[in-house]
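A.B. asks: For reference, the structure I am asking about is given below.
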Amino acid sequence: MLVGWCYDSVSPGGCRLPPGTCPLRHDIAKCSCGLILNARNYEAHVHGRRHQKILAGTQRPVSKRGKAGPVLKKCPHCRPTREFREDELEAHVTTHTVQEQLAAALEDAQRNKDGIVVSDLEGLDFGVVDEDEQRPVVVEMLVQRTGGDDSGAPISLSKIRMLSSQRKDEHGTKFSVAITPTSKFIRCAGPHKILVTFHPSYAGHFEDTLELVFTNIVKRRRFVIQRKISATVGSRADHEHLAPTAPYTQRKRRSIKLDGPVKRSLRPSTWTPTKWISKLPQFNVPQNLVQAVYTEKGYLKRSARQDVKRFMPSSFNIRTYARYFQTIIYLDEEGKQRALADYSMEDVEIKADYPKYKLEVKGLSEGRPSVLVGDFILVRSVGQPNTTWFEGRVHDVAMSHVKLRFSDAFNTYRGTKFDVRFVLNRLPYRRAHHALINKNDPARLLFPGPEHLREARLVPQATVKELILLNRSLGGNPAQLQAVAAIVHQPRGSVPFIVFGPPGTGKTVTIVEAMGQLLQRDPDARILACTPSNKAGDLIVQKLMYLGPSGVFRLNSMSRKYPDLPTSLREYSLFNGNRIFAMPALEDVLKYRVVVCTCVSAGALASLGVKPGHFGWIFIDEAGQATEPDTMIPIKELVDHRTNVILAGDPKQLGPTMQSGLAAELGLRESYLARLMERPRYDLSPWKSDGSGGGQGVTIVELLDNFRNHPAILDFLNEHFYDNRLHACGDPMLTRRLEDWDGLPRKKFPIAFHAVAGRDQREESSPSYFNISEATLVKNYCSSLIAKKGIRAEHIAVITPYHAQRMKILNLFHRDSELKDINVGSVEEFQGQERLIVIISTVRSNPDFLTSDIRRSLGFVASPRRFNVAISRAQALLIIVGNADVLALDPVWRSFMNYIHNGGGWRGRPISWDPEANVDDYVEGIKRRAAGEDKETIERLKALVVGVSEGNDVVPHFDGDDEEIDGELGDGLVIREVD
Numbered sequence: 001m002l003v004g005w006c007y008d009s010v011s012p013g014g015c016r017l018p019p020g021t022c023p024l025r026h027d028i029a030k031c032s033c034g035l036i037l038n039a040r041n042y043e044a045h046v047h048g049r050r051h052q053k054i055l056a057g058t059q060r061p062v063s064k065r066g067k068a069g070p071v072l073k074k075c076p077h078c079r080p081t082r083e084f085r086e087d088e089l090e091a092h093v094t095t096h097t098v099q100e101q102l103a104a105a106l107e108d109a110q111r112n113k114d115g116i117v118v119s120d121l122e123g124l125d126f127g128v129v130d131e132d133e134q135r136p137v138v139v140e141m142l143v144q145r146t147g148g149d150d151s152g153a154p155i156s157l158s159k160i161r162m163l164s165s166q167r168k169d170e171h172g173t174k175f176s177v178a179i180t181p182t183s184k185f186i187r188c189a190g191p192h193k194i195l196v197t198f199h200p201s202y203a204g205h206f207e208d209t210l211e212l213v214f215t216n217i218v219k220r221r222r223f224v225i226q227r228k229i230s231a232t233v234g235s236r237a238d239h240e241h242l243a244p245t246a247p248y249t250q251r252k253r254r255s256i257k258l259d260g261p262v263k264r265s266l267r268p269s270t271w272t273p274t275k276w277i278s279k280l281p282q283f284n285v286p287q288n289l290v291q292a293v294y295t296e297k298g299y300l301k302r303s304a305r306q307d308v309k310r311f312m313p314s315s316f317n318i319r320t321y322a323r324y325f326q327t328i329i330y331l332d333e334e335g336k337q338r339a340l341a342d343y344s345m346e347d348v349e350i351k352a353d354y355p356k357y358k359l360e361v362k363g364l365s366e367g368r369p370s371v372l373v374g375d376f377i378l379v380r381s382v383g384q385p386n387t388t389w390f391e392g393r394v395h396d397v398a399m400s401h402v403k404l405r406f407s408d409a410f411n412t413y414r415g416t417k418f419d420v421r422f423v424l425n426r427l428p429y430r431r432a433h434h435a436l437i438n439k440n441d442p443a444r445l446l447f448p449g450p451e452h453l454r455e456a457r458l459v460p461q462a463t464v465k466e467l468i469l470l471n472r473s474l475g476g477n478p479a480q481l482q483a484v485a486a487i488v489h490q491p492r493g494s495v496p497f498i499v500f501g502p503p504g505t506g507k508t509v510t511i512v513e514a515m516g517q518l519l520q521r522d523p524d525a526r527i528l529a530c531t532p533s534n535k536a537g538d539l540i541v542q543k544l545m546y547l548g549p550s551g552v553f554r555l556n557s558m559s560r561k562y563p564d565l566p567t568s569l570r571e572y573s574l575f576n577g578n579r580i581f582a583m584p585a586l587e588d589v590l591k592y593r594v595v596v597c598t599c600v601s602a603g604a605l606a607s608l609g610v611k612p613g614h615f616g617w618i619f620i621d622e623a624g625q626a627t628e629p630d631t632m633i634p635i636k637e638l639v640d641h642r643t644n645v646i647l648a649g650d651p652k653q654l655g656p657t658m659q660s661g662l663a664a665e666l667g668l669r670e671s672y673l674a675r676l677m678e679r680p681r682y683d684l685s686p687w688k689s690d691g692s693g694g695g696q697g698v699t700i701v702e703l704l705d706n707f708r709n710h711p712a713i714l715d716f717l718n719e720h721f722y723d724n725r726l727h728a729c730g731d732p733m734l735t736r737r738l739e740d741w742d743g744l745p746r747k748k749f750p751i752a753f754h755a756v757a758g759r760d761q762r763e764e765s766s767p768s769y770f771n772i773s774e775a776t777l778v779k780n781y782c783s784s785l786i787a788k789k790g791i792r793a794e795h796i797a798v799i800t801p802y803h804a805q806r807m808k809i810l811n812l813f814h815r816d817s818e819l820k821d822i823n824v825g826s827v828e829e830f831q832g833q834e835r836l837i838v839i840i841s842t843v844r845s846n847p848d849f850l851t852s853d854i855r856r857s858l859g860f861v862a863s864p865r866r867f868n869v870a871i872s873r874a875q876a877l878l879i880i881v882g883n884a885d886v887l888a889l890d891p892v893w894r895s896f897m898n899y900i901h902n903g904g905g906w907r908g909r910p911i912s913w914d915p916e917a918n919v920d921d922y923v924e925g926i927k928r929r930a931a932g933e934d935k936e937t938i939e940r941l942k943a944l945v946v947g948v949s950e951g952n953d954v955v956p957h958f959d960g961d962d963e964e965i966d967g968e969l970g971d972g973l974v975i976r977e978v979d
């Protein structure tokens with residue numbers, strides 16, 4: 001499930017997608033021998049035996065694809081960057097034509113015509129029907145005749161039906177219709193009443209179309225009038241409470257030009273002064289690189305991918321390493337700065353709160369924009385270009401506002417308006433650049449090869465058994481013991497060692513045990529433990545607390561919020577009386593046996609004066625989440641020729657995050673951990689001293705015993721991500737604890753998928769989605785679980801990919817004292833964690849996905865890595881709430897839903913596909929079916945309005961007497977398909 005390579009990128013025509021939009025990796029090269037391989041392994045390959053054999057003709061290359069891609073053409077209807085193969089373009093253009101014709105036909109069908117007026121022109125909405133109300137709900141509509149030029153001509157209602165009945169909706173018809181009086185003719189004398197009945201069943205949003213077919217007897221012409229019908233089954237109270245506060249309006253892109261001088265601000269007075277031994281250079285983004293990639297209007301050029309190559313080295317090796325990554329992170333920084341500039345504000349007021357100033361910032365709570373203490377914000381009087389910008393330093397960040405300090409030259413009074421521009425915190429990029437350009441480039445760490453493994457040996461089992469464990473729970477796990485022994489006995493100055501830990505296999509416990517063993521064996525040992533995130537770092541400190549505050553130190557960035565640090569770790573950290581974290585003095589840092597920090601904060605240690613080699617071992621946990629430049633901050637700044645580096649992680653879980661799609665394509669999306677695991681001596685096959693084997697036990701150990709998940713939860717992940725290598729070894733008292741919970745669709749199978757078709761909603765200027773139907777179901781499940789004896793709020797985690805959904809769910813939880821302490825967050829927030837119960841709200845329920853970009857409809861729910869992490873957090877019970885039809889567009893989700901359905905865990909809206917069918921054919925099949933239905937709808941509407949003289953049904957001659965509506969209405973007057 002790792003991200004694949006784009007083979008078109010090495011073909012003569014190059015990748016056909018717009019720069020930054022290709023989901024595949026572009027960091028590959030085509031060798032003269034015919035092989036296509038990772039560009040970073042190119043040098044090693046060229047000097048290797050396989051390359052020489054191929055050139056000598058003794059071995060044939062096995063190349064996946066390298067020939068020129070097909071010629072692409074632009075679609076005249078799409079955005080300018082979309083291109084298609086010639087054989088696909090005609091079909092694609094036809095799709096546009098069909099969509100336009102369909103939209104026109106449906107718009108015409110909504111109009112009243114020929115003097116006939118049907119009420120509820122905007123559609124009939126039943127509103128929210130409480131789920132407990134299982135009785136049918138009836139609403140009245142009116143059909144009346146208003147006269148017109150041919151008011152005397154008889155008009156008959158020949159058909160009335162719900163379209164779900166006509167198309168044999170797989171979910172059954174939820175609405176039915178009846179009409180009174182039963183006369184076929186619509187006269188001016190009085191209206192006909194249409195009684196639309198909603199038959200509620202399971203929770204969710206329901207839509208249908210009421211279709212009325214009329215015949216003008218004189219003109220011998222039929223016409224159609226349609227009305228949209230909708231209803232929602234759920235909690236009326238929740239829908240009222242969580243309804244959008246204001247309609248969603250897309251935020252306008254604003255980019256205020258940074259012209260004029262800048263008046264610098266004051267350092268936050270709440271910060272403790274720090275004694276740095278060196279000043280960090282600025283490393284500003286080269287403007288010629290920016291001009292090569294972006295247009296004057298700020299968009300990526302179509303030629304960006306090609307143009308950036310002249311800034312990139314032609315090969316990837318020790319000599320070009322720094323330049324290669326510097327170019328990539330320059331691109332990412334520029335992308336992030338431009339994204340931040342889009343949040344610029346115009347004509348806003350800054351309120352004085354001396355000596356600070358208060359600025360309201362919409363979207364701050366969502367991280368749109370992301371603002372931290374210490375960041376900069378530029379302001380100037382509104383509408384005055386080329387005048388002075390005042391730089392404000394952020395001193396406090398609240399939910400909806402920030403407090404700033406400016407230089408003494410700044411002043412304002414009530415009513416004064418300003419333009420505001422947010423400034424990117426460049427410190428992480430500057431630290432990465434500083435690490436990349438230093439001359440500390442050990443090949444054994446950057447490009448480990450056979451020449452660095454001549455002295456490597458597999459630790460004998462007798463030596464492994466001699467370990468006296470600090471954590472005795474590892475005693476029964478051979479892989480963990482092997483990893484600890486390999487780390488402890490690895491010669492100083494070795495290649496990086498990798499602990500490959502799939503979910504729940506105890507990789508953090510393993511490296512913490514290795515740290516303890518090293519400290520126990522060597523009183524002078526010094527260890528640096530780094531992580532990409534603060535939470536992962538906190539977890540390591542919590543496992544090392546037995547060393548005491550004098551033995552382990554938690555180094556925190558000064559911008560970290562004090563409340564975010566667990567209370568138990570405060571005595572292991574340094575902060576001042578203002579509850580602002582501080583940097584320690586150099587002599588204090590050197591005393592600690594273990595220092596724990598993020599990869600980026602490790603750069604502060606070098607700036608404080610910590611020398612390379614002070615730390616004999618550098619551990620990086622969750623290494624798959626960090627970009628390679630970030631990982632290099634602790635490595636290249638602080639290693640010497642004897643320092644050992646240990647990486648722990650799983651490249652099949654969350655990877656690095658970045659802003660620039662172009663930077664991601666060029667290799668930034670691949671972590672240092674993942675790159676090393678592609679090198680031959682990190683293969684998982686057994687170690688052989690002659691160099692013909694892999695690295696198992698010497699350079700890498702894969703942990704295979706899963707101690708977290710119930711077997712039913714693990715089985716799917718094991719098959720789809722780990723080739724069935726994992727073993728379910730969790731404590732049955734824990735993992736099987738909820739097998740008999742009354743809320744399960746099937747006992748002994750602790751996975752439930754609750755299918756619900758809710759509604760995607762947004763509010764005000766936030767682009768984040770929420771789904772009230774799903775929020776209600778999540779609340780109901782949590783209430784039911786808390787009512788069970790022994791289940792507490794801390795046992796439950798709710799995972800949702802959208803911030804707006806998180807806030808809506810928390811809003812409901814805070815109204816119930818028993819639910820308010822349940823943790824609700826994104827997948828990223830739960831990496832490395834576990835809970836007894838995990839409930840996932842997927843949110844997206846876009847009903848128009850068939851006529852739009854499928855990947856856009858799914859959003860970032862369709863990420864195999866996020867899926868893997870989200871599912872694997874659950875120990876004993878997993879509940880997913882989502883729209884099955886939307887999720888089924890992703891092959892992994894569809895496979896998982898098939899697995900749940902076949903296991904008996906389905907609930908709610910019935911499954912709409914064959915769970916035994918081939919998964920790979922589904923998306924194309926549903927596209928074809930949707931296109932066919934669109935064409936069929938157009939033809940059917942055309943047929944209904946054709947003159948009767950042109951064929952079709954013959955309208956009999958009426959003598960003026962009313963006749964009852966004939967049997968076309970079905971048996972009786974209620975049209976409803978049996979569920």
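Residues 1 to 979 in full-length UniProt numbering are what the sequence shown spells out, letter by letter. In this text, a Cβ means the ideal position worked out from N, Cα and C, and glycines have one as well.
The alpha helix (DSSP H) that contains residue 981, what's its start and end?
C.D. replies: The question about residue 981 has no answer, for the chain in this structure spans 1 to 979.
A.B. asks: Give the single residue among 344, 338, 287 and 350 whose Cα lies nearest to the Cα of residue 327.
C.D. replies: For residue 327, the nearest C-alpha among the options comes from 287.
A.B. asks: For the segment 471–490 against the segment 436–446, do three or more pairs of beta-carbon atoms, one drawn from each stretch, fall closer than 8 Å, so that the two count as touching?
C.D. replies: As far as the Cβ criterion goes, the segment 471–490 does not touch the segment 436–446, which means the pair count is below three.
A.B. asks: So is residue 442 buried or exposed if we call it buried at 16+ other beta carbons inside 10 Å?
C.D. replies: Under this definition residue 442 is a buried residue.
A.B. asks: Mapping the DSSP letters down to three states, classify residue 877 as helix, strand or coil.
C.D. replies: Correct three-state label for residue 877: strand.
A.B. asks: Under the assumption that residue 616 contacts residue 653 (Cβ atoms under 8 Å), give the Cβ distance between them as a whole number of angstroms.
C.D. replies: Incorrect: roughly 28 Å between the Cβ atoms, too far for contact.
A.B. asks: Please determine, among 153, 910 and 869, the residue with the shortest C-alpha to C-alpha distance to residue 721.
C.D. replies: The candidate whose alpha carbon is nearest that of residue 721 is 869.
A.B. asks: For the segment 581–596 against the segment 501–512, are there 3 or more C-beta pairs whose distance is under 8 Å?
C.D. replies: With the cut-off at 8 Å, the segment 581–596 and the segment 501–512 do not touch.
A.B. asks: State the Cα-Cα distance for the pair residue 799 and residue 822, rounded to the nearest angstrom.
C.D. replies: Approximately 11 Å, taken between the alpha carbons.
A.B. asks: Buried or exposed: which applies to residue 706, given that a residue is buried once 16 or more other Cβ atoms fall within 10 Å of its Cβ?
C.D. replies: Buried, because 16 or more other Cβ atoms sit within 10 Å of the Cβ of residue 706.
A.B. asks: Taking 8 Å as the threshold, find out whether the segment 593–612 comes into contact with the segment 271–284 through three or more Cβ pairs.
C.D. replies: Judged by Cβ distances under 8 Å, the segment 593–612 makes contact with the segment 271–284, as three or more pairs qualify.
A.B. asks: Would you kindly work out how many angstroms separate the C-alpha atoms of residue 550 and residue 485, rounded to a whole number?
C.D. replies: Going by the C-alpha atoms only, they are around 27 Å apart.
A.B. asks: Using only alpha-carbon positions, find the residue among 558, 94 and 322 that is nearest to residue 394.
C.D. replies: Taking only the C-alpha atoms, the option nearest residue 394 is 558.
A.B. asks: For residue 656, does the count of other Cβ atoms within 10 angstroms reach 16, so buried, or fall short, so exposed?
C.D. replies: Residue 656 should be labelled buried.
A.B. asks: Is the beta carbon of residue 163 closer than 8 Å to that of residue 125?
C.D. replies: Not closer than 8 Å, so no.
A.B. asks: So, is residue 354 buried or exposed, given that buried needs 16 or more other C-beta atoms within 10 angstroms?
C.D. replies: Exposed is the call here.
A.B. asks: Using a Cβ-Cβ cut-off of 8 Å (strictly less than) and excluding sequence neighbours within five positions of residue 981, which residues of its own chain qualify?
C.D. replies: This structure cannot settle anything about residue 981, because the visible part of the chain is limited to 1 through 979.
A.B. asks: Are the segment 194–207 and the segment 132–139 in contact at 8 Å, needing three or more beta carbon pairs?
C.D. replies: The segment 194–207, when compared against the segment 132–139, does touch it at the 8 Å Cβ threshold.
A.B. asks: Measure the Cβ-Cβ separation of residue 430 and residue 282 and say whether it is below 8 Å.
C.D. replies: Going by C-beta atoms, residue 430 is nearer than 8 Å to residue 282.
A.B. asks: Exposed or buried, what is residue 448 when buried is set at 16 or more other beta-carbons lying within 10 Å of its beta-carbon?
C.D. replies: Buried.
A.B. asks: Look at the alpha carbon of residue 585 and the alpha carbon of residue 817, and state the distance between them as a whole number of angstroms.
C.D. replies: Answer to the nearest angstrom: the Cα atoms are 45 Å apart.
A.B. asks: Within its chain, find whatever has a CB closer than 7 Å to the CB of residue 718; leave out the 5 residues flanking it on each side and keep chain order.
C.D. replies: Within the same chain, residue 718 has close Cβ partners 724 and 726.
A.B. asks: From this set, 887, 341 and 828, which residue's C-alpha is nearest residue 866's C-alpha?
C.D. replies: The option with the nearest alpha carbon to residue 866 is 828.
A.B. asks: Checking the sheet assignment: what are the DSSP bridge partners for residue 225?
C.D. replies: 212, per the DSSP bridge assignment.
A.B. asks: Out of curiosity, what's the CA-to-CA distance linking residue 728 and residue 791?
C.D. replies: So the two alpha carbons sit approximately 23 Å from each other.
A.B. asks: Which stretch, first to last residue, makes up the beta strand (DSSP E) that contains residue 192?
C.D. replies: Here the beta strand (DSSP E) through residue 192 covers 192–198.
A.B. asks: Checking 8 Å against the spacing of the C-beta atoms, do residue 377 and residue 420 come in under that value?
C.D. replies: Yes; because the gap between Cβ atoms is below 8 Å, this pair is in contact.
A.B. asks: Per DSSP, which one or two residues make a beta bridge with residue 682?
C.D. replies: DSSP lists no partner for residue 682.
A.B. asks: If I follow the unbroken alpha helix (DSSP H) through residue 893, where does it start and stop?
C.D. replies: Its alpha helix (DSSP H) spans residues 891–903.
A.B. asks: Should residue 33 go down as buried or exposed, given a rule of 16 or more other Cβ atoms within 10 Å for buried?
C.D. replies: With 16 or more other Cβ atoms within 10 Å, it is buried.
A.B. asks: For a quick check, are the C-beta atoms of residue 698 and residue 514 less than 8 Å apart?
C.D. replies: Against a cut-off of 8 Å, the Cβ pair of residue 514 and residue 698 comes out as no contact.
A.B. asks: In chain order, which alpha helix (DSSP H) runs of at least 4 residues are fully inside the segment 249–304?
C.D. replies: Here the runs fully enclosed are 287–293.
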